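S.K.:
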Amino acid sequence: MPDIAVTELSKGLRNAIAQLDSGENLESTGVVTRVGDGVAWVHGLRNAGYAEVLEIQTKNGVVEAFALNLMEDEIGAVLLGEDRFVVAGDAVKLKGVVLEVPVGAELLGRVVNPLGQPLDGGPAIKAKETGLVEQKAIGVMGRRSVHEPLMTGIMAIDGMFPIGRGQRELIIGDRQTGKTAIALDTMINQARQQTGVVNIYVAIGQKLSKVARLVERLKQEGVMDQTIVVATGPSDPASLLYLAPYAGTAMGEWFRDNGKHALIIYDDLTKHAVAYRQMSLLLRRPPGREAFPGDVFYLHSRLLERSAKLNDELGAGSLTALPIIETQAGDISAYIPTNVISITDGQIFMETDLFYQGIRPAISAGLSVSRVGGDAQTKAVKSVSGRLKLGLSQFRELAAFAQFGSDLDEETKKLIERGQRLTELLKQPQYSPLGVWEQVASIFAVNEGHFDAVPREKVKEAQAALLAKLAKEHKAEMKELNTGKDKVEADSPLGKLLAKTANAAAKGFEG
Amino acid sequence: MHGKLSRRKIAAYVADRVQQGAVPEQVLMEVAAYLYESRRLREMTLVVRAIEDALLERGTVVATVTSARPLDDQLRAAVVKQIGAGEVHLREVVDPSVLGGLRVQTPEASYDATIAHKLNGLRAAKV
Numbered sequence: 001m002p003d004i005a006v007t008e009l010s011k012g013l014r015n016a017i018a019q020l021d022s023g024e025n026l027e028s029t030g031v032v033t034r035v036g037d038g039v040a041w042v043h044g045l046r047n048a049g050y051a052e053v054l055e056i057q058t059k060n061g062v063v064e065a066f067a068l069n070l071m072e073d074e075i076g077a078v079l080l081g082e083d084r085f086v087v088a089g090d091a092v093k094l095k096g097v098v099l100e101v102p103v104g105a106e107l108l109g110r111v112v113n114p115l116g117q118p119l120d121g122g123p124a125i126k127a128k129e130t131g132l133v134e135q136k137a138i139g140v141m142g143r144r145s146v147h148e149p150l151m152t153g154i155m156a157i158d159g160m161f162p163i164g165r166g167q168r169e170l171i172i173g174d175r176q177t178g179k180t181a182i183a184l185d186t187m188i189n190q191a192r193q194q195t196g197v198v199n200i201y202v203a204i205g206q207k208l209s210k211v212a213r214l215v216e217r218l219k220q221e222g223v224m225d226q227t228i229v230v231a232t233g234p235s236d237p238a239s240l241l242y243l244a245p246y247a248g249t250a251m252g253e254w255f256r257d258n259g260k261h262a263l264i265i266y267d268d269l270t271k272h273a274v275a276y277r278q279m280s281l282l283l284r285r286p287p288g289r290e291a292f293p294g295d296v297f298y299l300h301s302r303l304l305e306r307s308a309k310l311n312d313e314l315g316a317g318s319l320t321a322l323p324i325i326e327t328q329a330g331d332i333s334a335y336i337p338t339n340v341i342s343i344t345d346g347q348i349f350m351e352t353d354l355f356y357q358g359i360r361p362a363i364s365a366g367l368s369v370s371r372v373g374g375d376a377q378t379k380a381v382k383s384v385s386g387r388l389k390l391g392l393s394q395f396r397e398l399a400a401f402a403q404f405g406s407d408l409d410e411e412t413k414k415l416i417e418r419g420q421r422l423t424e425l426l427k428q429p430q431y432s433p434l435g436v437w438e439q440v441a442s443i444f445a446v447n448e449g450h451f452d453a454v455p456r457e458k459v460k461e462a463q464a465a466l467l468a469k470l471a472k473e474h475k476a477e478m479k480e481l482n483t484g485k486d487k488v489e490a491d492s493p494l495g496k497l498l499a500k501t502a503n504a505a506a507k508g509f510e511g
Numbered sequence: 001m002h003g004k005l006s007r008r009k010i011a012a013y014v015a016d017r018v019q020q021g022a023v024p025e026q027v028l029m030e031v032a033a034y035l036y037e038s039r040r041l042r043e044m045t046l047v048v049r050a051i052e053d054a055l056l057e058r059g060t061v062v063a064t065v066t067s068a069r070p071l072d073d074q075l076r077a078a079v080v081k082q083i084g085a086g087e088v089h090l091r092e093v094v095d096p097s098v099l100g101g102l103r104v105q106t107p108e109a110s111y112d113a114t115i116a117h118k119l120n121g122l123r124a125a126k127v
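Residue numbers (the working numbering), protein chains in the order written: chain A, 1 to 511; chain B, 1 to 127.
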């Protein structure tokens, strides 16, 4: 045996590889054996990788698909286009890439499908970069704990369940309880407060009329310039619904990785799981609980893990996620809701009962929680929100006694009345997110008892009067307060100023 | 459509062919073609290791000897004797950073008698 050949195996192999004729013109092809329900079964192409794009040559042009089931003798691929053009016998080629979408600032203001093609009738998107649809989330060392606030402009959320940049906060509730409204207000607030946060709204199987209405509203509010809408409707193939959140995340990651801040809303992940269930069952994967496949947890965990706050070396960008889950009859112990609750850093639970009592946003104070946002609250909001939470939870305990009215002692009566006023204060109409100073001043006025003489039903009017007065007479102080840097205490100059103005504003509404 | 050949099978095939007297270049060419076609070129170094393992099982040891200065014949003979296999092939590497002494690596064992290794040991013991 020649000595050189054995000791230089590595070199020998490398040389041999270099000498190979790569046969670049020789493409491996497969053939469609069966097709139906958006799934094509392909024979051949044993070199196909997982989630690799296949090109099916049909009589009406190329239809793309991506390979999800790689089996010994055939490939199960999910079609990205219409299945009616694909017939058995069509030739299939490997595209040689995994799925990518255009990313970058060029997408702002556009409505696109999960493949990055425009749906708004505008020109084609000429993005310079592309991002991988399926990407591994950033590791431990690249991250930093959530510490900057992402203001939603909704007092109940910013006060009690604050959200930080890089957090994943679930919005969960039955149909028609205002889940999308919260997401929409949060997007509007980013534009009103000029936070520079980019919005990405991912509609997964949403009625296109609803998406159109939403886009129209965003345009009216002037938010669309900093928003990307990734839209899929109920009539789109399940594969597109499945891809939509990943594509949206790829677009958000571009902002995150370039030192910017982005907010992504997945509306909603229940439909996403259903679309994935459809695909999985058609690919003959074994069904599990509620007929979802075994990897439905991983489906969402790998998606939400990509939302993160990066450390300073990586540019300190962030991607905040607000996934939405729709429950049936308030059942948060169903399969998908429990999964997503355990993945996210907290949830905002919307209650039907509250909604119909007129308490809107219908946020349940008892079942909602934010696990990491506390560190992200600004000092000003934090200084008033502690007592807000306390006041409301004391009120909840005593609320049952409220109906006994006059039989209660003074102290209890006071707590109940304060709680009722706070509940009233936290009602907020849609499309009217509030800034830091507006939230702090309103909560301060009620907490410190300056509105105690105002009857419950006039609290909102008194609040409006207070805010108008402050905006008119103390513009500079309010600008300072809006930065949220300083604590607001009753005996500080600012506290005294707020107290004085609140008392004056309350005068007109005393019952 | 056949499944993926394991590296161990590829290695066994190469080792057998080489022992039977096939031209190693020819066999390597076959392996290269297979790796290319099955898009497994990234596994190249692992395949090489596997082949060395397979050769070891068949009594042929490929050992890497690292020393600060080139080996002389006497030392080479001593190393071969020390390894004590039926057939020993030495891959000699000269690396001044080992400072002195020898490091012998076979697919399943390594013997380090370099000055650099001893210094590292002392450093770790904080003497």
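All C-beta atoms, glycine included, are put in the ideal place defined by N, C-alpha and C. Just so it is clear, the structure is predicted and the values come from calculations on it, not from any experiment.
1. Using a Cβ-Cβ distance cut-off of 8 Å, determine whether Ile-51(B) contacts chain A.
2. Just mark Thr-227(A) as buried or exposed, buried being the case when its beta carbon has 16 or more other beta carbons within 10 Å.
3. In three-state DSSP terms, what is Thr-344(A)?
4. Please go through the same chain and pick out, in chain order, the residues whose beta-carbon is closer than 7 Å to the beta-carbon of Gly-59(B), but skip the five residues on each side of it.
5. State the Cα-Cα distance for the pair Arg-8(B) and His-117(B), rounded to the nearest angstrom.
6. Please report how far the alpha carbon of Val-65(B) lies from the alpha carbon of Val-140(A), in whole angstroms.
7. In angstroms with no decimal places, state the Cα-to-Cα distance between Leu-388(A) and Pro-237(A).
8. Only counting the same chain, and skipping five residues up and downstream in sequence, which positions put a Cβ closer than 6 Å to that of Leu-314(A)?
9. Could you tell me which whole beta strand (DSSP E) segments of length 3 or greater appear in the stretch 206 to 239 of chain A?
10. Please tell me whether Ser-10(A) has its Cβ less than 8 Å away from any Cβ of chain B.
11. For Leu-54(A), decide whether its Cβ has a neighbour in chain B, counting only Cβ atoms nearer than 8 Å.
12. Could you tell me which residues DSSP puts in a beta bridge with Gln-57(A)?
13. Under 8 Å between C-beta atoms, does Ser-38(B) make it to chain A?
14. Does Ala-91(A) come within less than 8 Å of chain B when only Cβ atoms are used?
15. List, in order along the chain, the chain A residues whose C-beta lies closer than 8 Å to that of Pro-70(B)?
16. Just list the residues that DSSP pairs Ser-370(A) with in beta bridges.
17. Using 8 Å as the cut-off, can you tell me whether the stretch 252 to 267 of chain A makes contact with the stretch 278 to 296 of chain A, which would need three or more C-beta pairs spanning the two stretches below that distance?
18. Got a sec: is the Cβ-Cβ distance from Thr-29(A) to anything in chain B below 8 Å?
19. How about Ile-75(A): is its C-beta nearer than 8 Å to some C-beta of chain B?
20. Give me, in chain order, the residues of the same chain whose beta-carbon lies closer than 7 Å to that of Thr-232(A); leave out the 5 immediate sequence neighbours on both sides.
21. How many angstroms separate the CA atom of Leu-392(A) from the CA atom of Asn-311(A)?
22. Look up Pro-107(B) in the DSSP assignment and say whether it is helix, strand or coil.
23. Would you kindly work out how many angstroms separate the C-alpha atoms of Glu-134(A) and Arg-256(A), rounded to a whole number?
24. Do the stretch 216 to 230 of chain A and the stretch 71 to 88 of chain A meet, that is, are 3 or more Cβ pairs less than 8 Å apart?
25. Alpha carbon to alpha carbon, how far is Ala-33(B) from Met-1(A)? Give it in angstroms, no decimals.
26. Under a CB-based cut-off of 8 Å, is Ala-67(A) close to chain B?
27. Taking all protein chains shown into account, do 16 or more other C-beta atoms lie within 10 angstroms of the C-beta of Lys-11(A), making it buried, or fewer, making it exposed?
28. Just to make sure I have the definition right: I need the residues of chain A whose C-beta is within less than 8 Å of the C-beta of Arg-91(B). Which are they?
29. I need the DSSP call for Asp-53(B), collapsed to helix, strand or coil.
30. Less than 8 Å between the beta carbons of Val-215(A) and Asn-199(A), yes or no?
31. Can Ile-443(A) and Met-187(A) be called in contact, C-beta distance under 8 Å?
32. Quick check: Asp-90(A) and Thr-352(A), are their CB atoms within less than 8 Å of each other?
33. Check each residue of the stretch 164 to 196 of chain A: if its Cβ is closer than 9 Å to any Cβ of chain B, include it; give the result in chain order.
34. Show which residues of chain B have a CB atom less than 7 Å away from the CB atom of Leu-20(A).
35. With distance defined between alpha-carbon atoms, name the residue in Asp-185(A), Val-53(A) and Arg-418(A) nearest to Leu-218(A).
36. Report the rounded CA-to-CA distance for Val-97(A) versus Pro-118(A), giving the unit in angstroms.
M.R.: On the basis of the data shown:
1. Against the second sequence, residue 51(B) aligns to sequence position 51. Interface residue, yes.
2. Here the question's residue 227(A) lines up with position 227 in the first sequence. So Thr-227(A) ends up on the buried side.
3. Within the first sequence, numbered from 1, the residue matching residue 344(A) stands at position 344. In the structure shown, Thr-344(A) sits in coil (DSSP, three-state: anything other than H, G, I, E or B).
4. In the second sequence, residue 59(B) corresponds to position 59, counting from 1. Closer than 7 Å at the Cβ level, and outside the excluded window around Gly-59(B), lie Ala-85, Gly-86 and Glu-87.
5. Within the second sequence, the letter at position 8 stands for residue 8(B). Within the second sequence, the letter at position 117 stands for residue 117(B). Each residue's Cα considered, the two are about 32 Å apart.
6. The residue labelled residue 65(B) in the question sits at position 65 within the second sequence. The residue labelled residue 140(A) in the question sits at position 140 within the first sequence. So the alpha carbons of these two residues sit roughly 39 Å apart.
7. What you label residue 388(A) is simply residue 388 of the first sequence in a count that begins at 1. What you label residue 237(A) is simply residue 237 of the first sequence in a count that begins at 1. Distance between the alpha carbons of Leu-388(A) and Pro-237(A) is about 47 Å.
8. Position 314 of the first sequence, counted from the first residue, corresponds to residue 314(A). Around Leu-314(A): Gly-142.
9. 227 to 231
10. Numbered from 1 along the first sequence, position 10 holds the residue referred to as residue 10(A). Yes, contact with chain B.
11. Mapped onto the first sequence, residue 54(A) falls at position 54. Taking Cβ atoms only, chain B never reaches closer than 8 Å to Leu-54(A), which makes this a no.
12. By 1-based counting over the first sequence, the position of residue 57(A) is 57. Answer is Val-62(A) and Ala-91(A), bridged to Gln-57(A).
13. Taking the second sequence and counting its residues from 1, one reaches residue 38(B) at position 38. Yes, contact with chain A.
14. For the purposes of this step, residue 91(A) is taken as the residue at position 91 of the first sequence. No, no contact with chain B.
15. Against the second sequence, residue 70(B) aligns to sequence position 70. The contacting residues do not exist; Pro-70(B) stays about 15 Å from chain A at best.
16. Indexing the first sequence from 1 puts residue 370(A) at position 370. In DSSP, Ser-370(A) forms a bridge with Gly-346(A).
17. no
18. Stepping through the first sequence from its first residue, residue 29(A) is reached at position 29. No, Thr-29(A) lies away from the interface with chain B (no Cβ there is under 8 Å from its Cβ).
19. As a working mapping, residue 75(A) is identified with position 75 in the first sequence. With 8 Å as the cut-off, Ile-75(A) does not count as an interface residue toward chain B.
20. Looking up residue 232(A) in the first sequence gives position 232. Contacts found: Asn-113, Pro-114, Ala-203, Ile-204, Gly-205, Leu-240, Leu-241 and Ala-244.
21. Position 392 of the first sequence, counted from the first residue, corresponds to residue 392(A). Position 311 of the first sequence, counted from the first residue, corresponds to residue 311(A). Rounded to whole angstroms, Leu-392(A) to Asn-311(A) spans 36 Å at the Cα level.
22. Here residue 107(B) corresponds to residue number 107 of the second sequence, with the count starting at 1. Three-state result, Pro-107(B): coil.
23. Stepping through the first sequence from its first residue, residue 134(A) is reached at position 134. Stepping through the first sequence from its first residue, residue 256(A) is reached at position 256. Cα-Cα distance, rounded: 16 Å.
24. no
25. Indexing the first sequence from 1 puts residue 1(A) at position 1. Indexing the second sequence from 1 puts residue 33(B) at position 33. With a pLDDT of 49 at Met-1(A), under the threshold of 50, the modelled position of that residue is not reliable, and no figure is offered here.
26. Here residue 67(A) corresponds to residue number 67 of the first sequence, with the count starting at 1. For Ala-67(A), the answer is no, since every Cβ of chain B falls outside 8 Å of its Cβ.
27. Residue mapping note: residue 11(A) aligns to position 11 of the first sequence, counting from 1. With fewer than 16 Cβ atoms within 10 Å of its Cβ, Lys-11(A) is classed as exposed.
28. Mapped onto the second sequence, residue 91(B) falls at position 91. The contacting residues are Thr-7 and Glu-8.
29. Here residue 53(B) corresponds to residue number 53 of the second sequence, with the count starting at 1. Helix at Asp-53(B).
30. Counting from one through the first sequence, the residue named residue 215(A) turns up at place 215. Counting from one through the first sequence, the residue named residue 199(A) turns up at place 199. No.
31. Reading the first sequence from its first residue, position 443 is the one you call residue 443(A). Reading the first sequence from its first residue, position 187 is the one you call residue 187(A). Taking 8 Å as the Cβ cut-off, Ile-443(A) and Met-187(A) do not qualify as a contacting pair.
32. Against the first sequence, residue 90(A) aligns to sequence position 90. Against the first sequence, residue 352(A) aligns to sequence position 352. No. Outside cutoff.
33. none
34. As a working mapping, residue 20(A) is identified with position 20 in the first sequence. Within chain B, the residues near Leu-20(A) are Ala-32, Ala-33 and Tyr-36.
35. Within the first sequence, residue 218(A) is the residue found at index 218, counting from 1. The shortest Cα separation from Leu-218(A) among Asp-185(A), Val-53(A) and Arg-418(A) belongs to Asp-185(A).
36. For this step, residue 97(A) is matched to residue 97 along the first sequence. For this step, residue 118(A) is matched to residue 118 along the first sequence. Using only the alpha carbons, I get a separation of about 21 Å.
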